[in-house]
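Asks: Sequence lines, in order, name chains A and B.
Just so we're aligned, residue 1 is where the first sequence starts under the numbering used here, counting upward by one.
Just so we're aligned, residue 1001 is where the second sequence starts under the numbering used here, counting upward by one.
Number of protein chains: 2
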Amino acid sequence: MFTAQPIGFIHSPFHETSAIPKGLGAKHDAEGAIELLRDYELGLADIEGFSHLFVIWVFDRADGFYLIAHPPADQGLPHGVFATRSPRRPNPIGLTVVELLGREGSTLRVRGVDMLDGTPVLDIKPYLSSVPAEKLRRGWLAEAEKRGSSQ
Amino acid sequence: MFTAQPIGFIHSPFHETSAIPKGLGAKHDAEGAIELLRDYELGLADIEGFSHLFVIWVFDRADGFYLIAHPPADQGLPHGVFATRSPRRPNPIGLTVVELLGREGSTLRVRGVDMLDGTPVLDIKPYLSSVPAEKLRRGWLAEAEKRGSSQ
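Here's what the structure looks like:
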C-alpha cells in the first residue's frame, strides 16, 4: 500500500461544506482550478486534447467514517456508504468529473468543481468513455428523484 | 493526508500484466469479483440498485512513476502521465468502471475488470452520470484511433 501525497491543490469558490450544492438536482457548474505542484507539470503534456478529466482527491476535512451514510439527496435515509458519495469513507477519497476549460503551465482551469478550496489532489486521468444511458441504473437515487418530483 | 488501506481485494482472471487487454480496441468484458473485507460489508447496503460502479484501487505491483508515459494505445508515443492510464503514477491509484452483476454477502460479481488478481481495492462509488458523447473530446487517443484505422 502507499501513503497518499498531493500532486496539487484545488482552487474552488467553496470555502465551507455547506456552500457546495448537494442533493437532488444539484448543479455542479462552478469554475475552479487544479494547481499542480511544479514538479509534476511535465505529467500534464497533451492533456489539453481531453474535454473532461477524472480528478481523484482527498476529503481532507472529513473526520473518520461510517458504513451507513444518510445522503441529503435522499432526505437523510440510510444507505451503505459505498452506494453513496459521502465524504466519511474508509479511505477518504473523492472523485469528480470536470470539464477542462484551459491550461496555463501547471494550472488547469476546470468547470464542475465540487471540492472545498485547498483540497489536495491525488491524481488526474483522462475521461474516456461513458456508459450508455439506456444501460444505466441509478438505484436509490433514481427512486429519490421520483419521490421528489411527485411531491 | 492518509495511508491507503484495502477495503477488499479483486478476483480477476488476470495473473500477469501482459494478460490484460490493452491498446486500441481492447475490450474489458472480463468477469471477476470484488471481495470486501467482512468488516466493511454493511457499507454495501443498497448497492444492488446500481448497474455500474466506480472501483478505486491500487497499482500494487507498479514500481515508482514517470511523468511521461508511452501507452500501447498510441504505439508507445510519449504523453504526460496524467493524460494516460499508465500504472506508474505519483499516487499508484487505478480507476475502473465495472458493471455490477450480482452480490453475495460481501462479494460483488462484476464485469469489466482490468485489474490483476489480488489487487487491493480502496473505494467503491456508484456510477451516476456520464458526459454526453457529443461533448466528449478524447485527445491523443482519438488521433491514435484515426491513425490505426487508416493503416
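Backbone N, C-alpha and C define an ideal beta-carbon position, used for all residues, glycine too.
All figures in this text were calculated on a predicted structure; none of them were measured in a lab.
Using CA atoms only, rank isn't needed, just tell me which of 1032(B), 1124(B) and 1128(B) is closest to residue 1006(B).
Replies: 1124(B)
Asks: Which bits of chain D does residue 1089(B) rub up against, with CB to CB less than 7 Å?
Replies: Here chain D cannot be found, since the structure's protein chains are A and B.
Asks: Would residue 1010(B) and residue 1034(B) be called neighbours here (beta carbons separated by less than 8 Å)?
Replies: yes
Asks: When you compare each of 104(A), 127(A), 22(A) and 139(A) to residue 55(A) by their alpha carbons, which one comes out closest?
Replies: 127(A)
Asks: Between the Cα of residue 137(A) and those of 1051(B), 1073(B) and 1097(B), spot the shortest distance and give me the residue it belongs to.
Replies: Nearest option by C-alpha distance: 1051(B).
Asks: Does the distance from the C-beta atom of residue 990(B) to that of residue 1100(B) stay below 8 Å?
Replies: This structure cannot settle anything about residue 990(B), because the visible part of chain B is limited to 1001 through 1151.
Asks: Below 7 Å between beta carbons is the criterion; list the residues of the stretch 1099-1125 of chain B that meet it against any residue of chain A, in chain order.
Replies: 1120, 1122, 1123, 1124 and 1125
Asks: Taking Cβ positions only, does residue 1140(B) come closer than 8 Å to chain A?
Replies: Residue 1140(B) counts as touching chain A.
Asks: Starting from residue 44(A), trace the beta strand (DSSP E) in both directions and tell me its first and last residue.
Replies: Taken as a continuous stretch (DSSP letters only), residue 44(A) belongs to no beta strand (DSSP E), as it is neither H nor E.
Asks: Where do the ends of the beta strand (DSSP E) carrying residue 15(A) lie?
Replies: From DSSP, residue 15(A) is part of no beta strand (DSSP E); its letter is neither H nor E.
Asks: In the structure shown, what three-state DSSP assignment does residue 1151(B) receive?
Replies: With a pLDDT of 46 at residue 1151(B), under the threshold of 50, the predicted position of this residue should be treated as unreliable, though the coordinate-derived value follows. Residue state, collapsed to three classes: coil.
Asks: Look up residue 1135(B) in the DSSP assignment and say whether it is helix, strand or coil.
Replies: helix
Asks: Quick one: using the 10 Å Cβ neighbour count with 16 as the cut-off for buried, is residue 12(A) buried or exposed?
Replies: buried
Asks: Under 7 Å, CB to CB, which of the residues in the stretch 38-49 of chain A have a partner in chain B?
Replies: 40, 42, 43, 44, 45, 46, 47 and 49
Asks: Between 39(A), 88(A), 87(A) and 21(A), which lies nearest to residue 1080(B) when the distance is taken from Cα to Cα?
Replies: 39(A)
Asks: Determine whether the beta carbon atoms of residue 1002(B) and residue 87(A) lie at a separation below 8 Å.
Replies: no
Asks: Rounding to the nearest angstrom, what Cα-Cα distance links residue 151(A) and residue 26(A) in this structure?
Replies: Low local confidence applies: a pLDDT of 46 at residue 151(A) is under 50, so the model's placement there is unreliable, and no value is given.
Asks: Do you know offhand how far residue 141(A)'s Cα is from residue 74(A)'s?
Replies: Those two C-alpha atoms are separated by around 7 Å.
Asks: Quick one: list the residues of chain B neighbouring residue 4(A), beta-carbon separation under 7 Å, in chain order.
Replies: Ordered by position in chain B, the residues that pass the 7 Å Cβ test against residue 4(A) are 1001, 1002, 1004 and 1091.
Asks: Measuring alpha carbon to alpha carbon, tell me which of 76(A), 31(A) and 57(A) ends up nearest residue 120(A).
Replies: 57(A)
Asks: On a CA-only basis, which of 145(A), 116(A) and 133(A) is nearest residue 96(A)? Give me that one, please.
Replies: 116(A)
Asks: CA-CA distance, residue 61(A) and residue 132(A)?
Replies: The alpha-carbon atoms of residue 61(A) and residue 132(A) are separated by roughly 34 Å.
Asks: In chain B, what lies closer than 8 Å to residue 80(A) by C-beta?
Replies: 1042, 1043, 1044, 1045, 1046 and 1047
Asks: Is the Cβ of residue 157(A) closer than 8 Å to any Cβ of chain B?
Replies: A query on residue 157(A) cannot be resolved here, the shown segment of chain A reaching from 1 to 151 and no further.
Asks: Could you give the uninterrupted runs of the beta strand (DSSP E) lying entirely in the stretch 1018-1095 of chain B, keeping only those of 3 residues or more?
Replies: 1031-1036 and 1052-1058
Asks: Name, please, each residue of chain A whose Cβ falls closer than 7 Å to the Cβ of residue 1054(B).
Replies: 95
Asks: Any idea what DSSP makes of residue 1128(B), helix, strand or coil?
Replies: coil
Asks: Taking 8 Å as the cut-off, decide whether the C-beta atoms of residue 1067(B) and residue 8(A) are in contact.
Replies: no
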